[in-house]
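A.B. asks: Numbering of the sequence shown is given in the working numbering, commencing with residue 930 and proceeding in unit increments.
For glycine and all other residues, C-beta sits at the position ideal for the given N, C-alpha and C.
Keep in mind it's a predicted model, so treat the numbers as computed, not measured.
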Amino acid sequence: MRTTSEAAPHFPNLRDTSSGDDGLPLRNETITRFTYTAFLLWNRVSYLEASELQAKILTLLHRGHVEKRGITGDAASRREAIRKRVRRVVETEEERSRRLSTMAQRGQDRRAKETEEPSNSRLSDMAQRGKRGITGDAASRRESIRKRERELLKLKKKETADCQLWHNVARTEERKKQKNKEIADCQTWHNVGRRRAVETEEQK
């Protein structure tokens, strides 16, 4: 574990507070304890660079009024509070990339879920809207169901009538075409008979 004097080469702006040096604006014993606890934290957090941690600690120290930020109690609680504050202030590249990759993965999952909707989504939406429309007490729900059944029955009857009408129209057209064809054939044979009769009379 490093002491204040051992950490001085890594933190040139921090000096031993017990020597009475006024290099930092240390106003009371709480800030002195905070400085030493920060050094202990620096010994435990190995992935932080010395210069980066120095800048963060100096920023926290020069803000002053450490007591008002909730860093009170015994040494363990103070260390935990300092760790939380450093974690909130410092976000490493690894943490940032992990967070961004997680967000990207969630976005991909959401888009995949949206693209894998079933082909009958329109029918399911209509059914959902129908369910939302059937509200109220039991009597009103039954009445709504009957009304919907009557509407469906009317629609089915109308479709059946339309199909029958078009079938009748098609049959009528077919009969008309057949009759016209027969009339044309009869007229043709009649003309042929008349022409043959005329030719026979001319030969006589």
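1) Can you give the Cα-Cα distance for residue 1114 and residue 1079, rounded to whole angstroms?
2) Tell me the rounded alpha-carbon separation between residue 1030 and residue 1036.
3) Could you tell me if residue 1074 is buried or exposed, where buried requires 16 or more neighbouring beta carbons within 10 angstroms of its beta carbon?
4) Measuring only the C-alpha atoms, how far is residue 1110 from residue 1117?
5) Tell me the rounded alpha-carbon separation between residue 1006 and residue 1033.
6) Just the Cα atoms here: how many angstroms apart are residue 1132 and residue 1094?
C.D. replies: Considering the structure as presented:
1) 52 Å
2) 10 Å
3) exposed
4) 10 Å
5) 36 Å
6) 57 Å
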